[in-house]
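Engineer:
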Amino acid sequence: MNKNLPKQMYALVDGNNFYASCERVFNPALNGKPVVVLSNNDGIIIARSAEAKALGIKMGTPAFEVKNLIEQKKIYAFSSNYALYGDMSQRMMNIFREFTPDVEIYSIDEAFLDFSGFSGMDFKQTGMDMRKRVKKYIGIPVSVGFGPTKTLAKIANRIAKKHLKKTGVALIDTPEKIERALQMTPIDEVWGIGRRYAQFLQKYQVKTAWDFTQLPDSFVKKHLSVVGLRTKEELLGTACIPMELVPPPRKAIRTARTFSKNVIDYRFVEEAVSDFAAKTARKLREQKSVANLLTVFLRTNKFDKTKPYYANSFSIQISPSSNSSIQLVKYAQAALKIIYKEGFEYKKAGVLVSGLSPEGNRQLDLFDNFSYEKHRNLMRILDKLNAENGYEVVKIGSQGQSRAWRLRQEYRSKRFTTRWDELIEVVVES
DNA sequence: TCTGGGGTCCTAGGACCC
DNA sequence: TCTGGGGTCCTAGGACCC
Numbered sequence: 002m003n004k005n006l007p008k009q010m011y012a013l014v015d016g017n018n019f020y021a022s023c024e025r026v027f028n029p030a031l032n033g034k035p036v037v038v039l040s041n042n043d044g045i046i047i048a049r050s051a052e053a054k055a056l057g058i059k060m061g062t063p064a065f066e067v068k069n070l071i072e073q074k075k076i077y078a079f080s081s082n083y084a085l086y087g088d089m090s091q092r093m094m095n096i097f098r099e100f101t102p103d104v105e106i107y108s109i110d111e112a113f114l115d116f117s118g119f120s121g122m123d124f125k126q127t128g129m130d131m132r133k134r135v136k137k138y139i140g141i142p143v144s145v146g147f148g149p150t151k152t153l154a155k156i157a158n159r160i161a162k163k164h165l166k167k168t169g170v171a172l173i174d175t176p177e178k179i180e181r182a183l184q185m186t187p188i189d190e191v192w193g194i195g196r197r198y199a200q201f202l203q204k205y206q207v208k209t210a211w212d213f214t215q216l217p218d219s220f221v222k223k224h225l226s227v228v229g230l231r232t233k234e235e236l237l238g239t240a241c242i243p244m245e246l247v248p249p250p251r252k253a254i255r256t257a258r259t260f261s262k263n264v265i266d267y268r269f270v271e272e273a274v275s276d277f278a279a280k281t282a283r284k285l286r287e288q289k290s291v292a293n294l295l296t297v298f299l300r301t302n303k304f305d306k307t308k309p310y311y312a313n314s315f316s317i318q319i320s321p322s323s324n325s326s327i328q329l330v331k332y333a334q335a336a337l338k339i340i341y342k343e344g345f346e347y348k349k350a351g352v353l354v355s356g357l358s359p360e361g362n363r364q365l366d367l368f369d370n371f372s373y374e375k376h377r378n379l380m381r382i383l384d385k386l387n388a389e390n391g392y393e394v395v396k397i398g399s400q401g402q403s404r405a406w407r408l409r410q411e412y413r414s415k416r417f418t419t420r421w422d423e424l425i426e427v428v429v430e431s
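2 is the number of the first residue of the first sequence in the working numbering; add one for each residue after it.
(1) Do residue 50 and residue 141 come within 9 Å of each other at the CB atom, strictly closer than that value?
(2) Three or more C-beta pairs closer than 8 Å, one from the stretch 328 to 345 and one from the stretch 276 to 293: is that the case here?
(3) Distance, Cα to Cα, residue 68 vs residue 218?
(4) Find the nearest neighbour of residue 105 within the set 247, 300, 337, 380, judged by alpha-carbon distance.
(5) Can you list, in chain order, the stretches of the alpha helix (DSSP H) that have 4 or more residues and sit fully within the stretch 159 to 187?
(6) Restricting to Cα atoms, I'd like to know which of 73, 103, 111 is closest to residue 87.
(7) Apart from the five residues on each side of it in sequence, which residues of its chain come closer than 7 Å, Cβ to Cβ, to residue 317?
(8) Report all residues from its chain with a CB closer than 6 Å to the CB of residue 63; omit the five preceding and five following residues, and keep chain order.
(9) The beta strand (DSSP E) with residue 351 in it runs from where to where?
(10) Leaving out five residues on either side along the sequence, give the residues of the same chain with a beta carbon under 6 Å from the beta carbon of residue 9.
(11) Between the stretch 379 to 394 and the stretch 346 to 359, do three or more beta carbon pairs fall short of 8 Å?
(12) Please state whether DSSP places residue 263 in a helix, a strand or coil.
(13) With DSSP run on the structure shown, which of helix, strand or coil describes residue 387?
(14) If you run the structure through DSSP and keep just helix, strand and coil, what is residue 413?
(15) Closer than 8 Å is the cut-off here; do at least three beta carbon pairs connect the stretch 302 to 312 with the stretch 339 to 351?
(16) For residue 95, tell me which candidate among 80, 196, 131, 34 has the shortest Cα-Cα distance.
(17) Would you kindly work out how many angstroms separate the C-alpha atoms of residue 41 and residue 80, rounded to a whole number?
(18) Could you say which of 290, 155, 53, 266 lies nearest to residue 249 if we only look at CA atoms?
(19) In its own chain, which residues sit with a C-beta less than 6 Å from the C-beta of residue 409, not counting the 5 before and 5 after it?
(20) Just verifying my parser: in three-state terms, what is the DSSP assignment at residue 195?
(21) Buried or exposed for residue 253, going by 16 or more other Cβ atoms inside 10 Å?
(22) On a CA-only basis, which of 384, 209, 107 is nearest residue 184? Give me that one, please.
(23) Which residues in the same chain as residue 172 place their Cβ atom closer than 6 Å to its Cβ, once the five residues preceding and following it in sequence are excluded?
(24) Looking at the strands, I want to know which residues DSSP matches up with residue 15.
(25) Can you name the residues that DSSP bridges to residue 77?
(26) So, is residue 59 buried or exposed, given that buried needs 16 or more other C-beta atoms within 10 angstroms?
(27) Please go through the same chain and pick out, in chain order, the residues whose beta-carbon is closer than 6 Å to the beta-carbon of residue 441, but skip the five residues on each side of it.
(28) Going straight from the alpha carbon of residue 245 to that of residue 109, what length do you get?
(29) What is the rounded straight-line gap between the Cα of residue 292 and the Cα of residue 373?
(30) Is it true that the CB of residue 346 sits closer than 9 Å to the CB of residue 265?
(31) Taking the alpha carbon of residue 300 as the point to measure from, which residue in 323, 274, 322 has its own alpha carbon closest?
(32) Tell me which residues share the same chain as residue 93 and place their Cβ nearer than 7 Å to its Cβ, disregarding the 5 neighbours each side in the sequence.
(33) DSSP state of residue 318, grouped into three classes?
(34) If you draw a straight line from the alpha carbon of residue 350 to that of residue 271, how long is it in whole angstroms?
(35) On the three-state DSSP scale, how would you describe residue 8?
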């Protein structure tokens with residue numbers, strides 16, 4: 002145990018049951034009622050209010066398995082509405098920045114805040130102020146955990162949620178508190194220890210975070226790699242995971258969907274894959290990158306044991322690197338041709354690009370410069386039109402309109418905070 | 001009938017080079 | 001008959017996160 006705690010102090014702040022809470026902000030009648038939010042395709046449960054948890058609804062449960070329960074218990078179910086959640090998230094993060102400039106947005110619903118050097122600060126009070134302010138201006142309840150490392154801040158946050166509901170704030174700031182916190186934290190609740198490692202560690206009687214810190218370094222390194230070793234250090238109070246104040250550029254970008262029903266027809270698979278490629282290209286342009294490798298994958302339903310399973314992927318070099326929707330669609334279609342097999346019922350497909358580099362550094366290909374300019378200008382116009390008129394009003398022909406594979410979203414709340422409600426689709430031929 | 005989507009990092013092993 | 005050793009790069013697979 003590190004007797005002299007470092008001066009570092011991190012907070013992990015997150016929205017409680019974030020998606021469910023977002024739905025409540027715009028529909029206060031839901032307060033006190035059980036609420037769940039469903040994944041794309043209304044497939045599985047991805048968020049639950051406290052009341053829904055109390056009714057035994059588990060994270061990741063297929064929606065159809067709890068359909069009866071939802072009806073019987075009058076649980077309010079919502080299709081996921083990421084435009085809404087993303088907007089709420091931004092507003093929440095802005096409140097966090099009023100407390101310290103050093104904010105790392107870790108996910109849509111949580112952030113690490115660096116309070117190192119704020120010596121003499123009453124952290125508990127700060128946490129409660131934060132909670133009050135977010136509740137007042139955004140309407141979302143948050144929990145706050147303070148600790149000398151990010152991993153301990155995570156643990157403090159869990160303790161705040163579980164045992165200190167009244168204040169919603171927990172502070173780990175002495176060696177004694179570290180020890181107590183570690184002893185009350187099950188090993189599978191530790192940030193960095195997933196299901197597989199937790200199972201493995203149980204075999205060695207490692208049940209709590211504390212037990213884990215008692216293992217020899219060599220054992221941890223051998224079985225959990227250097228990542229596990231880092232987790233051990235962090236649990237003991239030595240910060241080894243730095244803040245990432247500026248999000249590093251993405252190394253890969255993926256668009257993938259499960260189809261709402263099985264798709265057999267090549268035309269429909271191609272339409273879906275083309276649409277994914279175009280969406281991927283748009284994401285590339287948003288972050289001003291180009292990619293040099295594109296992978297298409299598709300597979301049948303892995304849960305259906307009565308039908309033959311087939312899954313495959315194929316990668317194509319994109320040369321020169323590109324972020325043009327038109328070009329990526331063409332590459333994706335070529336890759337699809339190679340892996341598509343007649344006679345299977347496809348359930349999921351996706352497009353992944355990697356080998357990303359900044360748009361500006363793009364290697365100039367003298368022979369292809371004309372085509373590069375042409376695409377760049379075309380994409381500028383396309384992005385501009387879509388930005389002005391709403392989400393994807395202008396698309397490439399092969400993205401299709403039949404959408405036989407389209408998402409099912411039966412219970413989506415309105416896009417309260419964003420502009421486009423109804424789409425009028427215009428299609429350009431490539 | 002109905003089972004999400006989008007990321008990251010580490011390691012081992014093979015290919016290749018000198 | 002003998003059949004090196006070390007470095008680097010790439011990829012697949014497995015773990016993790018929300």
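C-beta atoms are modelled at their ideal positions from N, C-alpha and C, and glycine is treated no differently.
Structural biologist: With the given structure in hand:
(1) Mapped onto the first sequence, residue 141 falls at position 140. Mapped onto the first sequence, residue 50 falls at position 49. The Cβ atoms of residue 141 and residue 50 do not sit closer than 9 Å to each other.
(2) yes
(3) On the first sequence, position 67 is the one that residue 68 refers to. On the first sequence, position 217 is the one that residue 218 refers to. In a straight line, the C-alpha of residue 68 is about 47 Å away from that of residue 218.
(4) For the purposes of this step, residue 105 is taken as residue 104 along the first sequence, with counting starting at 1. Of the candidates 247, 300, 337, 380, the one whose C-alpha sits nearest the C-alpha of residue 105 is 247.
(5) 176 to 184
(6) The residue given as residue 87 occupies position 86 in the first sequence. Out of 73, 103, 111, 111 has the C-alpha closest to the C-alpha of residue 87.
(7) Numbered from 1 along the first sequence, position 316 holds the residue referred to as residue 317. So the list reads 295, 332, 335, 336, once near-sequence residues are dropped.
(8) Your numbering for residue 63 matches position 62 in the first sequence. Only 45 meet the Cβ criterion.
(9) Against the first sequence, residue 351 aligns to sequence position 350. Residues 347 to 359.
(10) For this step, residue 9 is matched to residue 8 along the first sequence. Within the same chain, residue 9 has close Cβ partners 117, 149, 240.
(11) no
(12) Locating residue 263 in the first sequence gives position 262, counting from the first residue. Reduced to three states, the DSSP call for residue 263 is strand.
(13) Indexing the first sequence from 1 puts residue 387 at position 386. Residue state, collapsed to three classes: helix.
(14) Locating residue 413 in the first sequence gives position 412, counting from the first residue. Three-state result, residue 413: strand.
(15) Enough Cβ pairs lie closer than 8 Å, so yes.
(16) Taking the first residue of the first sequence as position 1, residue 95 is located at position 94. Measuring from the Cα of residue 95, the nearest candidate turns out to be 131.
(17) The residue you call residue 41 lines up with position 40 of the first sequence. The residue you call residue 80 lines up with position 79 of the first sequence. Rounded to whole angstroms, residue 41 to residue 80 spans 7 Å at the Cα level.
(18) Numbered from its first residue, the first sequence carries residue 249 at position 248. Of the listed residues, the one whose Cα sits closest to residue 249 is 290.
(19) Translated into positions along the first sequence, residue 409 becomes position 408. For residue 409, where only same-chain residues beyond five positions count, the Cβ hits under 6 Å are 42, 43, 261.
(20) Sequence index remark: in the first sequence, residue 195 carries index 194 (1-based). The answer is coil: DSSP assigns residue 195 none of H, G, I, E or B.
(21) On the first sequence, residue 253 is found 252 positions in, with the first residue counted as 1. Exposed.
(22) For the purposes of this step, residue 184 is taken as the residue at position 183 of the first sequence. Answer by Cα proximity: 209.
(23) Looking up residue 172 in the first sequence gives position 171. Correct list, in chain order: 124, 125, 147.
(24) On the first sequence, residue 15 is found 14 positions in, with the first residue counted as 1. Looking at the DSSP assignment, residue 15 forms a beta bridge with 111, 144.
(25) Taking the first residue of the first sequence as position 1, residue 77 is located at position 76. 36.
(26) Counting from 1 along the first sequence, the entry for residue 59 is found at position 58. Note on residue 59: under 16 other CB atoms within 10 angstroms of its CB, so exposed under the neighbour-count rule.
(27) With the chain covering 2 to 431 only, the question about residue 441 has no answer from this structure.
(28) Residue mapping note: residue 245 aligns to position 244 of the first sequence, counting from 1. Residue mapping note: residue 109 aligns to position 108 of the first sequence, counting from 1. Using only the alpha carbons, I get a separation of about 15 Å.
(29) If you number the first sequence from 1, residue 292 lands on position 291. If you number the first sequence from 1, residue 373 lands on position 372. Each residue's Cα considered, the two are about 14 Å apart.
(30) Start at 1 with the first residue of the first sequence, and residue 265 comes out as number 264. Start at 1 with the first residue of the first sequence, and residue 346 comes out as number 345. Closer than 9 Å, so yes.
(31) On the first sequence, residue 300 is found 299 positions in, with the first residue counted as 1. Selected option, being the one with the closest Cα: 274.
(32) To locate residue 93, count along the first sequence from 1; it is residue 92. If we look at residue 93 and ignore the five residues flanking it on each side, its Cβ neighbours are 16, 135, 139, 141.
(33) To locate residue 318, count along the first sequence from 1; it is residue 317. The answer is strand: DSSP assigns residue 318 an E or B state.
(34) Walking along the first sequence from the start, residue 350 turns up at place 349. Walking along the first sequence from the start, residue 271 turns up at place 270. Each residue's alpha carbon lies about 10 Å from the other.
(35) Numbered from its first residue, the first sequence carries residue 8 at position 7. In this structure, residue 8 counts as coil in the three-state DSSP scheme.
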